[in-house]
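To keep things clear, I will list the structure first and then write my remarks on it.
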Ligand code: UDP
Ligand code: MG
């Protein structure tokens, strides 16, 4: 059975690695019996990634290059690639060679066994700091407890999706795109393949703790309303405590009388309640803001230009 395969590669300022990447993926594709296509999505790079992609797609008929009208972020770039991929199996892979293209045949083998989503789980990771490993592990543990959709641990975006999984994802047009969560949310038969995550080949990571922190908040808020519930519980406990304490103060006055004292208690109570209220407001604000962003229903990305390989795949 011959099948069509599309490789979706988001690339943002990857000028240093893109040629090496294409050479490696090209070699892998040569060994696979499939009508293969590589869809590069240039996420509004400011270096010469786009020029290099045009050259690549000019030289290799399997390569298509899309350029987004600005930097929309990796999640949107991946979505653009998935939307353009019309294939029986679609692989999403980073351009920086941290995900080894050589794993693709193994992903395909599992897909042929009947799995719809085959994700690659990182065994070990090179070239990443202890702190990054620790924070990333902590994030997955927290998500696991909060969310109803179990997220596979230590999994990046490197995975293979069947045609119907891609179609399912294509139907999710939410703006708060926490792709790892969405991949898990669609369900179907999913399985993992373990691999060794290499260090970046060249160039620098686009992530920093600010972006990762925001991604974590996005992940939590788009897959769980637990923080709202925490706010409710904290508020409720504070109210009960305050009520009990109020009774105590009242009894004290009634039985022993009370000359004016208690400035410290007053301050503690005011500050404590004020703090809790602001925190709860902040949590609510996160959700309101997200509702606002979704309600505008803006498109997720715009494609500015396209080079090479106009699809029609001969789909089987
Ligand atoms: N990327 C993107 N848009 C962005 C940031 C990153 O398309 O705004 C791409 C980037 O080119 C790479 C992949 O997403 O192919 C992963 O990015 P990176 O290596 O910086 O992240 P990390 O591996 O450190 O999580
Ligand atoms: Mg990387």
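Residue numbers (my numbering): 2 to 317. Virtual Cβ for every residue (Gly too), placed ideally from N, Cα, C.
Between the alpha carbons of residue 228 and residue 247 lies a gap of roughly 28 Å. Relative to the ligand MG, residue 206 has its C-beta within less than 8 Å of a heavy atom. Looking at the DSSP output, residue 196 bridges to 123. Where residue 84 is concerned, the enclosing alpha helix (DSSP H) starts and stops at 75–85. Annotation for residue 69: the continuous beta strand (DSSP E) segment containing it runs 64–69. As the crow flies, the alpha-carbon of residue 31 is around 23 Å from that of residue 158. Put simply, the backbone Cα of residue 216 is about 44 Å away from that of residue 263. Closest option to residue 249, judged by alpha-carbon separation, among 266, 237, 236: 266. Under DSSP, residue 41 takes part in a beta bridge, and its partners are 10, 66. The continuous alpha helix (DSSP H) containing residue 113 extends over residues 105–113. Residue state for residue 116 is assigned as coil, using DSSP reduced to three classes.
A direct Cα-Cα distance of roughly 12 Å separates residue 174 from residue 297.
Going by beta carbons, residue 44 and residue 69 fall inside the 9 Å limit. Restricting attention to 172, 89, 13, the CA atom closest to the CA of residue 162 is found in 89. Linking residue 223 to residue 151 through their CA atoms gives a straight-line distance of about 13 Å. Contact check for residue 97 against residue 18 passes: the beta carbons are separated by less than 9 Å.
Going by beta carbons, residue 116 and residue 164 fall outside the 9 Å limit. Using a C-beta cut-off of 8 Å, the region 57–72 makes contact with the region 303–310, since at least three inter-stretch Cβ pairs fall below that distance. By a beta-carbon distance limit of 8 Å, residue 121 does not contact residue 178. Their separation comes to about 20 Å. A direct Cα-Cα distance of roughly 7 Å separates residue 87 from residue 7. Approximately 6 Å separates the beta-carbon atoms of residue 35 and residue 3; this is inside 8 Å, confirming the contact. Apart from the 5 residues on each side of it in sequence, residue 102 sits with its Cβ closer than 7 Å to the Cβ of 25, 26, 29, 94 in its chain, given in chain order. Contact annotation: residue 193 and residue 156 have beta-carbon atoms nearer than 9 Å.
Residue range 264–296 is occupied by the alpha helix (DSSP H) that includes residue 295, with no beta strand (DSSP E) assigned at that position. In the DSSP assignment, residue 25 falls outside any beta strand (DSSP E) and lies within the alpha helix (DSSP H) extending over 19–31.
Nearest to residue 214 by C-alpha distance, out of 137, 238, 240, 286, is 137. When distances are taken from the beta-carbon of residue 44 to the heavy atoms of the ligand MG, even the shortest one reaches 8 Å or more. Judged by the Cβ position, residue 241 fails to qualify as a neighbour of the ligand UDP at the 8 Å threshold, every heavy atom of the ligand being at least this far.
By the neighbour-count criterion, in which 16 or more other beta carbons inside 10 Å mark a residue as buried, residue 78 falls on the buried side.
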